[in-house]
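J.: Residue numbers (full-length UniProt numbering): 1 to 121.
1) Excluding the 5 residues preceding and the 5 following residue 114 in the sequence, name in chain order all residues of the same chain whose CB lies nearer than 6 angstroms to its CB.
2) Report all residues from its chain with a CB closer than 6 angstroms to the CB of residue 67; omit the five preceding and five following residues, and keep chain order.
3) Beta strand (DSSP E) containing residue 55: first to last residue?
4) Report the three-state DSSP secondary structure of residue 76 (helix, strand or coil).
5) Please name the residue, chosen from 54, 72, 79 and 63, that lies closest to residue 104 on a Cα-to-Cα basis.
6) What would DSSP say about residue 92, mapped onto helix, strand or coil?
7) Is the CB-CB distance between residue 70 and residue 80 below 9 angstroms?
8) Residues bridged to residue 71 by DSSP?
9) Quick check: the Cα distance between residue 63 and residue 96, rounded to an integer number of angstroms?
10) Rounded to whole angstroms, what is the Cα-Cα separation between residue 60 and residue 77?
11) Would you decide whether residue 99 is buried or exposed? Buried here means 16 or more other CB atoms lie within 10 Å of its CB.
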């Protein structure tokens, strides 16, 4: 699915969003938006497979590392762990109740930390 210049969120802005198997790749102009226009463009994606989620997180971090934040939330009653990474334009989420995915989360967190440390050195 490609939204091209014919798609008009407001009369002043046009964006190109490309949906791929590992998330959303968007143009630089989407990062420069402010206010209500930026909020109206937020895309939230729940992934069903860990591999796709991990690729999307790494891609999002590589595109806008300074603005990204990673949030984990555990719901004890349901036994679900929800992970979310966002830069306020794109939001990727994954929810699981499997211990195996918690171990994968540890590896992903370590990979992101290495990436953050190496980019600031």
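We put the beta carbon where it would ideally sit given N, CA and C, even for glycine.
T.: Inspection of the coordinates gives the following:
1) Sequence index remark: in the chain shown, residue 114 carries index 114 (1-based). The answer is none, since no qualifying residue turns up.
2) Here residue 67 refers to the residue found at position 67 when the chain shown is read from its first residue. Result list for residue 67: 87, in chain order.
3) What you label residue 55 is simply residue 55 of the chain shown in a count that begins at 1. Note, residue 55: premise wrong, no beta strand (DSSP E); alpha helix (DSSP H) at 50-63.
4) Here residue 76 refers to the residue found at position 76 when the chain shown is read from its first residue. Looking at residue 76 - three-state DSSP - the assignment turns out to be coil, as it is neither helix nor strand.
5) Here the question's residue 104 lines up with position 104 in the chain shown. The residue with the shortest Cα to Cα distance from residue 104 is 54.
6) Locating residue 92 in the chain shown gives position 92, where the first residue counts as 1. Strand, per DSSP.
7) Residue numbering aside, residue 70 sits at position 70 when the chain shown is read from its first letter. Residue numbering aside, residue 80 sits at position 80 when the chain shown is read from its first letter. Against a cut-off of 9 angstroms, the Cβ pair of residue 80 and residue 70 comes out as no contact.
8) The count along the chain shown starts at 1 and reaches residue 71 at position 71. Paired residues: 84.
9) Start at 1 with the first residue of the chain shown, and residue 63 comes out as number 63. Start at 1 with the first residue of the chain shown, and residue 96 comes out as number 96. When rounded, the distance between both Cα atoms is 26 angstroms.
10) Position 60 of the chain shown, counted from the first residue, corresponds to residue 60. Position 77 of the chain shown, counted from the first residue, corresponds to residue 77. When rounded, the distance between both Cα atoms is 31 angstroms.
11) On the chain shown, position 99 is the one that residue 99 refers to. Residue 99 is exposed by the Cβ-count criterion.
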